[in-house]
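Before any comments, here is the structure.
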Amino acid sequence: MSSTGGYDRHITIFSPEGRLYQVEYAFKAIRLAGVTTIGVRGSDSVCVVTQKKVTDKLIVPSTVTSMFRITNTIGCCLTGRRSDMLLIVQRLRHVAQEFEFKYGFVIPVSYLSQRIGDLSQLRTQYAFQRPAALSIVLFGIDEEYGPQLFRCDPAGYQVGYKALCTGQKEQEGTNSLEKKIKQKSDLTTKETIELAISTLQRVLNTDFKPDEIEVSLVTTENPKFKVLQDLEVEEILNEIAENEF
Amino acid sequence: MSGIGTGYDLYPTTFSPDGRIFQVEYAHKAVENSSTAIGLCCKDGVVFGIEKIILSKMLVEGTNRRVFSVGEHIGIATAGLTADGRRIVQNARQEAKNYENFTSDIIPIHVLTERLSIYVQVFTLYNYIRPFGCSLMIGSYDEEKGPSLYCIEPDSVALGFYGCAIGKGKQEAKTEISKLKLSEMTCKDAVKEIAKILIKTVHDETKEKEMELEMSWICKETKGKHKLVPKKLIEEAVEWVKGQENEED
Numbered sequence: 001m002s003s004t005g006g007y008d009r010h011i012t013i014f015s016p017e018g019r020l021y022q023v024e025y026a027f028k029a030i031r032l033a034g035v036t037t038i039g040v041r042g043s044d045s046v047c048v049v050t051q052k053k054v055t056d057k058l059i060v061p062s063t064v065t066s067m068f069r070i071t072n073t074i075g076c077c078l079t080g081r082r083s084d085m086l087l088i089v090q091r092l093r094h095v096a097q098e099f100e101f102k103y104g105f106v107i108p109v110s111y112l113s114q115r116i117g118d119l120s121q122l123r124t125q126y127a128f129q130r131p132a133a134l135s136i137v138l139f140g141i142d143e144e145y146g147p148q149l150f151r152c153d154p155a156g157y158q159v160g161y162k163a164l165c166t167g168q169k170e171q172e173g174t175n176s177l178e179k180k181i182k183q184k185s186d187l188t189t190k191e192t193i194e195l196a197i198s199t200l201q202r203v204l205n206t207d208f209k210p211d212e213i214e215v216s217l218v219t220t221e222n223p224k225f226k227v228l229q230d231l232e233v234e235e236i237l238n239e240i241a242e243n244e245f
Numbered sequence: 001m002s003g004i005g006t007g008y009d010l011y012p013t014t015f016s017p018d019g020r021i022f023q024v025e026y027a028h029k030a031v032e033n034s035s036t037a038i039g040l041c042c043k044d045g046v047v048f049g050i051e052k053i054i055l056s057k058m059l060v061e062g063t064n065r066r067v068f069s070v071g072e073h074i075g076i077a078t079a080g081l082t083a084d085g086r087r088i089v090q091n092a093r094q095e096a097k098n099y100e101n102f103t104s105d106i107i108p109i110h111v112l113t114e115r116l117s118i119y120v121q122v123f124t125l126y127n128y129i130r131p132f133g134c135s136l137m138i139g140s141y142d143e144e145k146g147p148s149l150y151c152i153e154p155d156s157v158a159l160g161f162y163g164c165a166i167g168k169g170k171q172e173a174k175t176e177i178s179k180l181k182l183s184e185m186t187c188k189d190a191v192k193e194i195a196k197i198l199i200k201t202v203h204d205e206t207k208e209k210e211m212e213l214e215m216s217w218i219c220k221e222t223k224g225k226h227k228l229v230p231k232k233l234i235e236e237a238v239e240w241v242k243g244q245e246n247e248e249d
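Residue numbers (full-length UniProt numbering), protein chains in the order written: chain A, 1 to 245; chain B, 1 to 249.
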């Protein structure tokens, strides 16, 4: 394979084989964060769970979060380089608010995902910018389409999911979820939460304590985005533990 | 994993094959070359302490500041390239002013921190500007919410801390800090503890020249305003540290 002088690995231009190395390295950077996120869409709810890693006991745990509110009913979970998170959140909020101002109704999750996908794609074309090393998971209850779960990656590729796993243990999580969703894909709220959390526990081979994960749940009854409190998470974890016996 | 990013370390817009951005990591090294700064979030306020190496006897004491006020109620302490720190503080002051003009209320610390974090992050996105080579500790005290301490690193990650250290002696300082009971400590005691850590643990008398202690606080006593710790208190703290040393001998 001929070499072009090596720049294809340094900026986002094509390599002789037609690959974009910098975009591929951006994907590796997501895995470097060492965090896994799982999202599951049920018939009337969406549950997203992510690991919460507080590396130092001097850090205030409430300031370490990967879950962000984009609008009242749309949430976003970011996995990957923490330093890229705030800017992407700001962009998402801006896009969502601009849409609502222009058209008078809440932006559909699918459209928000498309817009952020297009913006991510731009960063893979310009040499002076790098892609954001983040896996962007958008979720919410849409007025027309019901529960929505979308993911956008550094390449600008975005698509809707019934269930997704992203981050360090992406492959294992996806395999595990595929098996379960094949059996049953219209899940109740309870089943959605349990599938999300138990898959994460299985894939990482640990039993979580409430302060080691962040759980966000939106349902058609309660479409407002919120991150569950430690007590609520503890209840769910106990139920899952009992069911497994 | 090798720390040398040859070829992949020229621009902040280049990922290495294992997904690291070396320019940002090198910016961290610039912070590690500077002298230590400590911030403690105590029961009744936030105290900053900075180990300032006296480079020359001709330098006038207190003219090379590394603590800055943003508004009256927020203090920022820097470590790393001081000039970079001053630029970020300038931006912080502008943000505070804009917020006040817009809302007629003083800017809350978590809002300022988020805005500064985004400002720092923008400098890690393009190939024609370099990341900031400094870390900042931002502290504030509010009657209702109590004291808050945040730290922004060169890669723009901003987290809240109970106690934080940045600069050369960060590791040793953090070890000492985690031994302290910060939630029960008053600011006056914190002044002494910080002096102890900086003088005894962090400062190496054999390797480096003399040091000067620069300390500032935002606490109940200063009524929530960021002020320099009175010289008298610092001198008392230094005396206390020397006393401790003599006890141990």
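Heads up, the beta-carbon is just placed ideally off N, CA and C, and yes, glycines get one too.
Remember, it's a predicted structure, so these values are computed and weren't measured experimentally.
{"Asked": "Going by the C-beta, is B/HIS226 closer than 6 Å to any heavy atom of the ligand ZN?", "Found": "This structure simply doesn't include the ligand ZN, nor any ligand for that matter."}
{"Asked": "Hey, how far is the Cα of A/ALA29 from the Cα of A/SER83?", "Found": "12 Å"}
{"Asked": "Using a Cβ-Cβ cut-off of 8 Å (strictly less than) and excluding sequence neighbours within five positions of B/LEU55, which residues of its own chain qualify?", "Found": "LYS209"}
{"Asked": "If you run the structure through DSSP and keep just helix, strand and coil, what is B/ILE234?", "Found": "helix"}
{"Asked": "Please list the partners that A/GLY6 has in chain B, where partner means a Cβ-to-Cβ separation under 9 Å.", "Found": "GLY7"}
{"Asked": "Identify the contact partners of A/GLN22 in chain B, using a Cβ-Cβ distance below 9 Å as the criterion.", "Found": "THR13, THR14, PHE15"}
{"Asked": "Quick check: the segment 51–63 of chain A against the segment 159–171 of chain B, are at least 3 beta-carbon pairs closer than 8 Å?", "Found": "yes"}
{"Asked": "Per DSSP, what are the beta-bridge partners of B/SER148 in this structure?", "Found": "B/SER140"}
{"Asked": "Are B/ALA77 and B/SER34 close, meaning C-beta to C-beta below 7 Å?", "Found": "no"}
{"Asked": "Within this structure, are the beta carbons of A/GLY167 and A/THR37 separated by less than 7 Å?", "Found": "yes"}
{"Asked": "When Cβ atoms are compared, which residues of the segment 151–165 of chain B fall closer than 7 Å to chain A?", "Found": "ASP155, SER156, VAL157, LEU159, GLY160, PHE161, TYR162, GLY163, CYS164"}
{"Asked": "Give the interface partners of B/GLY45 over in chain A, defined as CB-CB distance under 8 Å, in chain order.", "Found": "None at all; the shortest Cβ gap to chain A is about 16 Å."}
{"Asked": "Applying the 10 Å Cβ sphere with the 16-neighbour rule, what's the burial state of B/GLY45?", "Found": "buried"}
{"Asked": "Determine, using beta carbons only, whether B/GLN94 comes closer than 7 Å to chain A.", "Found": "no"}
{"Asked": "May I ask you to report which of helix, strand or coil DSSP gives A/PRO147?", "Found": "strand"}
{"Asked": "Pull up the DSSP beta-bridge partners for B/GLY80, would you.", "Found": "B/CYS134"}
{"Asked": "Enumerate in chain order the residues of its own chain whose CB-to-CB distance from B/GLU176 is below 6 Å, with the five nearest sequence positions on each side excluded.", "Found": "ILE197, THR201"}
{"Asked": "Does the segment 181–192 of chain A come within contact of the segment 43–50 of chain A, defined as at least 3 CB pairs closer than 8 Å?", "Found": "yes"}
{"Asked": "When the Cα of B/SER183 is compared with those of B/GLU245, B/ARG66, B/CYS42, which residue comes out closest?", "Found": "B/CYS42"}
{"Asked": "At 7 Å on the CB atoms, spell out the chain B contacts of A/ALA96, in chain order.", "Found": "Within 7 Å Cβ-Cβ: nothing; A/ALA96 doesn't reach chain B, min ~17 Å."}
{"Asked": "What residue range is occupied by the uninterrupted alpha helix (DSSP H) comprising A/PHE139?", "Found": "Taken as a continuous stretch (DSSP letters only), A/PHE139 belongs to no alpha helix (DSSP H), being part of the beta strand (DSSP E) at 134–142."}
{"Asked": "Less than 6 Å between C-beta atoms, sequence neighbours within five positions excluded: which residues of the same chain meet that for B/CYS219?", "Found": "ASP44, GLY45, TYR141, CYS187"}
{"Asked": "Need the endpoints of the alpha helix (DSSP H) that B/LEU116 sits in, please.", "Found": "109–122"}
{"Asked": "Use the C-beta contact count for B/TYR8: other C-beta atoms within 10 angstroms, 16 or more gives buried, fewer gives exposed.", "Found": "buried"}
{"Asked": "Do you know offhand how far A/GLU232's Cα is from A/ASN238's?", "Found": "10 Å"}
{"Asked": "Using a 10 Å radius around the Cβ and a threshold of 16 neighbouring Cβ atoms, would you call residue 250 of chain A buried or exposed?", "Found": "Residue 250 of chain A is absent from the structure shown; chain A starts at 1 and stops at 245."}
{"Asked": "Reducing DSSP to helix, strand and coil, say where A/GLY6 ends up.", "Found": "coil"}
{"Asked": "Bridge partners of A/ALA163, per DSSP?", "Found": "A/VAL40"}
{"Asked": "Could you check where the beta strand (DSSP E) with B/MET185 kicks off and where it finishes?", "Found": "Where B/MET185 is concerned, there is no enclosing beta strand (DSSP E), given that its DSSP letter is neither H nor E."}
{"Asked": "Say whether the segment 132–152 of chain A touches the segment 77–92 of chain A, bearing in mind that this needs 3 or more beta-carbon pairs closer than 8 Å, one atom from each stretch.", "Found": "yes"}
{"Asked": "My understanding is that B/GLU61 touches B/MET211, with C-beta atoms under 8 Å, so please give their C-beta distance in whole angstroms.", "Found": "About 11 Å; that fails the 8 Å criterion."}
{"Asked": "Please check the pair residue 259 of chain A and A/ALA96, which I expect to be a contact at CB under 8 Å, by giving their CB distance rounded to whole angstroms.", "Found": "Look at the range of chain A in this structure, 1 to 245, and you will see that residue 259 of chain A is not part of it."}
{"Asked": "Please report the straight-line C-alpha distance between A/TYR21 and B/THR14, rounded to a whole angstrom.", "Found": "10 Å"}
{"Asked": "What is the residue span of the alpha helix (DSSP H) that A/GLY173 lies within?", "Found": "170–183"}
{"Asked": "Taking only beta carbons into account, state which residues of the segment 87–119 of chain A come closer than 8 Å to chain B, listed in chain order.", "Found": "LEU87, GLN90"}
{"Asked": "Across which residues does DSSP place B/TYR126 in a beta bridge pair?", "Found": "A/GLN129"}
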